[in-house]
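J.:
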Amino acid sequence: MTWSEMQPLLEQACQETLIMVGWSTLIAVVAGLPIGVLLVLTDKGGLLQNTVVNKVIGQIVNIGRSMPFIILMVALMSFTRWITGTTIGSEAAIVPLAIGGIPFFARLVETAVREVDGGLVEAVQSMGGNTWTIVRKVLVPEALPSLIASTTTTIIALIGYSAMAGTVGGGGLGDLAVRYGYQRFETGLMWITVAILAVVISVIQFIGDYAARALHRRGGRSGPGPKLRLLKAKEPDAQAAPSGATVTDVSKVA
Amino acid sequence: MITTSGLTKVYRSRGREVTALDGVDLHVREGEVYGVIGQSGAGKSSLIRCVNLLERPTSGTVTVAGQDLTALAGRGPRAGRELRQARSRIGMVFQHFNLLSSRTVRDNVELPLEILGVSGKERTRKALELLDLVGLADKAGSYPAQLSGGQKQRVGIARALAGDPKVLLSDEATSALDPETTRSILQLLRDLNRQLGLTVLLITHEMDVVKSICDSAALMEKGRIVESGTVSELLATPGSELAAALFPVGGEATGDERTVVDVTFHGEAATRPVISQLSRTYNIDISILGAAIDTVGGLQVGRMRIELPGRYEDNVVPIGFLREQGLQIDVVGPARSALVKEGAQ
Ligand SMILES: Nc1ncnc2c1ncn2[C@@H]1O[C@H](COP(=O)(O)OP(=O)(O)OP(=O)(O)O)[C@@H](O)[C@H]1O
Ligand SMILES: [Mg+2]
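Residue numbers (my numbering), protein chains in the order written: chain A, 1 to 254; chain B, 1 to 345.
1. Give the residues of chain A in contact with B:Ile115, contact being defined as C-beta atoms less than 7 Å apart.
2. Looking at the unbroken alpha helix (DSSP H) that takes in B:Arg84, where does it start and where does it end?
3. Under 7 Å between C-beta atoms, does A:Leu120 make it to chain B?
4. Does the count of Cβ pairs from the stretch 94–114 of chain A and the stretch 179–188 of chain A closer than 8 Å reach three?
5. Give me the subset of the stretch 37–65 of chain A whose CB atoms are less than 9 Å from a CB atom of chain B, sorted by chain position.
6. Taking one C-beta from the stretch 149–162 of chain B and one from the stretch 47–67 of chain B each time, how about it: are there three or more such pairs within less than 8 Å?
7. To the nearest angstrom, how far is the alpha carbon of B:Ala145 from that of A:Val138?
8. For B:Glu172, name the three-state secondary structure that DSSP assigns.
9. Just to confirm the assignment, what range does the alpha helix (DSSP H) spanning A:Ile148 have?
10. From B:Gln67 to B:Ile225, what does the alpha carbon distance come to, in whole angstroms?
11. Nearer than 6 Å: is that true of the beta carbon of B:Ser40 relative to any heavy atom of ligand 4?
12. Quick one: using the 10 Å Cβ neighbour count with 16 as the cut-off for buried, is B:Gln300 buried or exposed?
13. Can you determine whether any heavy atom of ligand 1 sits closer than 6 Å to the C-beta of B:Tyr11, and answer yes or no?
14. Tell me whether the beta-carbon of B:Val274 lies closer than 7 Å to the beta-carbon of B:Gly35.
15. Which class does A:His216 belong to by DSSP, given the choice of helix, strand or coil?
16. Please return the same chain residues whose Cβ sits closer than 7 Å to the Cβ of A:Glu142, not counting the five positions on each side in sequence.
17. Are B:Ala160 and B:Val105 touching if we call contact CB-CB under 7 Å?
18. So if I threshold CB-CB distances at 8 Å, which residues from the stretch 141–166 of chain A count as touching chain B?
19. Determine the contact status of A:Ala98 and A:Ile27, defining contact as a CB-CB distance below 7 Å.
20. Quick one: grab the DSSP three-state call for A:Ser243.
21. Taking the alpha helix (DSSP H) that A:Gln125 belongs to, which residues open and close that run?
22. Beta-carbon of A:Arg136 versus every beta-carbon of chain B: anything under 7 Å?
23. By a C-beta neighbour count over all protein chains shown, 10 Å radius and 16 as the cutoff for buried, is A:Ser78 buried or exposed?
24. Quick one: Cα of A:Ile156 to Cα of A:Phe206, how far?
25. Please compile the residues from chain B whose C-beta is within a distance smaller than 7 Å of the C-beta of A:Arg213.
26. For the alpha helix (DSSP H) containing A:Thr25, name the first residue and the last one.
27. Which residues, in order along the stretch 66–92 of chain B, keep a beta-carbon less than 9 Å from a beta-carbon of chain A?
28. I want to check one thing, is the minimum distance from the CB of A:Gly100 to the heavy atoms of ligand 1 below 6 Å?
29. For the stretch 115–147 of chain B, list every residue whose C-beta sits within 9 Å of some C-beta in chain A, in sequence order.
30. Could you tell me the alpha carbon to alpha carbon distance between B:Gly250 and B:Ile286, rounded to whole angstroms?
31. If you follow the beta strand (DSSP E) that B:Gln328 is in, where does it begin and where does it stop?
32. Run through chain A and tell me which residues come within less than 7 Å of B:Ser102, C-beta to C-beta.
33. Would you give the residue range spanned by the beta strand (DSSP E) that B:Thr58 belongs to?
34. Quick one: what's got a C-beta closer than 6 Å to A:Ala212's C-beta in the same chain, skipping five residues either side?
35. Have a look at B:Ala71, B:Cys214, B:Tyr11, B:Ala73 and flag the residue whose alpha-carbon is nearest the alpha-carbon of A:Gly45.
36. Which same chain residues, not among the five before or five after A:Val21, have their C-beta less than 7 Å away from its C-beta?
Given below as structure tokens:
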């Protein structure tokens, strides 16, 4: 297979992966964030303490988290058809990906929000802030570095899931590797696909880590920030922390 | 300005009950700086958190600026609108500052104004004005992580003042700071108290804090207020632990057959040569174990620890003489409270 033959295949596969992962991440973040926050708020001692709601949501999230993705995909078949009118193609794959991503992200959000210092919540309460104010002005902004790291983790997990979704007609890079590499022994194309995936995942991880670290450093919280896993960058010491201007640039990237 | 009556707080956790407040009656007058002191676990934080109802009292009432907050609380665990409005008129400063690390100094000070629904321009103006007041005008754009502890607490104070409160609550605001910074923060609180007529209720475990800025003080033990009053009232109360701790004089008895007496001078008694009169009249040798003159709550007070030969029974007459002179006399027993020893160090 020549490069000119491979190129359109790769281009299309990349596009399909992008669509599947992009949309499902967006949905997972938008839906998972409130669920994760709600898990913290309704927990014992939380601002909206409600054991029943907490247990019910927690249980649903647990089931969603522990379900093998391939089974979730099959189980959601009729739901997917109801939403998109079909069960094959990238659009159809978005549904199970998003449904799988929501509880995944929600748990990460829960952990991140739980880390926020209770003293800050108390401070805003003492100013007369209500629960909504506390969520908007304290819990989410203060957990932001962790939330960005959680989003990175979710994107990468969804790229993994999307390879599986691809095999049942979703297309994308994973599907390409299986169809050509596994079934037609086009090992060249398969390795290129693998390389592309590796690069994409590394870049996403790098950007996510960088953004989380930059925000974290601005916050100057105690304890180490999320580690850069790919780049063995020299740890800048506290004095060499970037100035306000650098930080703003980074948060724009994020 | 702040009145609590019969305030009780019982924490229940897994069947265990802890009575943190046991019928506290506190009365803080308008415009004064009131210090509550006590050992760890005495219930000081519980008390101050009950004042703005961050902690729901088990029973009793809290009245701030004539408004019964306990009546506003409602039954559920969440604070209703009226209570939240009342809270916005009570400033609070915390031991660990509790500044949002995601916001700049200025945005931290603007936060209470955002909650009050003040418009953007007005917020900025007010925040800069407050930062100027606490001496941090140049740090408006910094993040809390870039500030020292003292500077963070100044931001905390500016933030607490943003809603134009009449009352400021401070729970160990200086406990995380070094002595020099503590002094400057206390000075700031004192100035704000004078300039703005702010009523300040502060919790501390350091006698120095009470000594340097409080008009009144209360001593808490095991959830109860065991002594309270203005500083001069306390100093004039015989046997007052707070007074002794506020104004400690050192010195231990040199032997068994001795009587140790603390003599407190204030007012015109301070100008008379009573000790030499005592010595001449009763022909006894008096040794001075320790003495100090200090300003406590804006009052010049002298205190002297003297030792008389013989047991207490032998010295009833000379001690009576000292009392007749209008001096305040405390006979130092062998068992002094831990608080006094702590204060004396
Ligand atoms: N949320 C809580 N749940 C259970 N018990 C509590 C709670 N908060 C405080 N207590 C208990 O109430 C008592 C009084 O605590 P409080 O924090 O008011 O003491 P404090 O005087 O402020 O002490 P410190 O000087 O150490 O801050 C303590 O015995 C403490 O263990
Ligand atoms: Mg305390």
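Glycine included, every Cβ here is placed at the ideal spot set by N, Cα and C. Quick caveat, the model's predicted, so the values are computed rather than measured.
T.: Reading it off the structure:
1. Met127, Gly128, Gly129, Thr133
2. 81–88
3. yes
4. no
5. Leu47, Leu48, Gln49
6. no
7. 16 Å
8. coil
9. 140–165
10. 23 Å
11. Among the ligands present in this structure, namely ligand 1 and ligand 2, ligand 4 is not found.
12. exposed
13. yes
14. no
15. helix
16. Val116, Leu120
17. no
18. Pro141, Glu142, Leu144
19. yes
20. Residue placement at A:Ser243 is flagged as unreliable, the pLDDT there being 42, under the threshold of 50; the coordinate-derived value follows with that caveat. If DSSP states are grouped into helix, strand and coil, A:Ser243 belongs with coil.
21. 118–126
22. no
23. exposed
24. 12 Å
25. By Cβ distance, chain B contributes nothing, its closest Cβ being about 14 Å from A:Arg213, past 7 Å.
26. 3–41
27. Pro77, Arg78, Ala79, Arg81, Leu83, Arg84, Gln85, Ala86, Arg87, Ser88, Arg89, Ile90, Gly91, Met92
28. no
29. Ile115, Leu116, Gly141, Ser142, Tyr143, Pro144, Ala145, Gln146
30. 16 Å
31. 328–331
32. Pro141, Glu142, Leu144, Gly219
33. No beta strand (DSSP E) contains B:Thr58, which DSSP labels as neither H nor E.
34. Pro145, Ile148, Ala149, Pro226
35. B:Tyr11
36. Ile155, Leu158, Ile159, Ser162
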